[in-house]
C-alpha cells in the first residue's frame, strides 16, 4: 500500500521501496524483543528488572539496546526517579500504545498457529 507522507518530508511511503524510511520502523517493530517489550509494557510502566524477568531469555545488553531503540523511535518513554538506588521506569507513549493492537494480534496468531508450523531444527 502506498500512502502520501503526512509530514510532507517524502513523496510517498512504500514499505516495499528499499529507500523508504518505513523500512526502519518495520525492522524495529518486527524484531522479536521489540514486540515482546511492547507487549510487556501494555499493562503499565515497568522497571528494567521486571521487563528482563518477563522477557525470559533476553540478555541485559539486548534489552537495553531494544529499549533505547524504542525510546529513540518514540514508542517508549524512560523516566528516571532520583533515588538510591536509581529508579528507572519504562512506559509506552501514545504512539507505543497505538501499536499494541496489531502486535498483540501477531503474538496471538503465533500462539494459535504454532502447531501448524514445522519445527525448526
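Numbering (our numbering), first residue to last: 337 to 457.
The beta carbon of each residue, even a glycine, is placed where N, CA and C say it ideally should be.
- Less than 8 Å divides the Cβ of residue 391 from the Cβ of residue 372.
- Per DSSP, residue 402 lies in no beta strand (DSSP E) segment; the continuous alpha helix (DSSP H) that holds it begins and ends at 396-408.
- The C-beta separation of residue 406 from residue 370 comes to about 6 Å, placing the pair in contact by the 8 Å criterion.
- In this structure, the beta-carbon distance from residue 386 to residue 436 does not fall below 8 Å.
- Taking C-beta atoms as the reference points, residue 439 and residue 393 fail to come closer than 8 Å.
- Closest option to residue 443, judged by alpha-carbon separation, among 368, 411, 431, 404: 368.
- Judged by DSSP secondary structure, residue 455 falls outside any beta strand (DSSP E); it is assigned neither H nor E.
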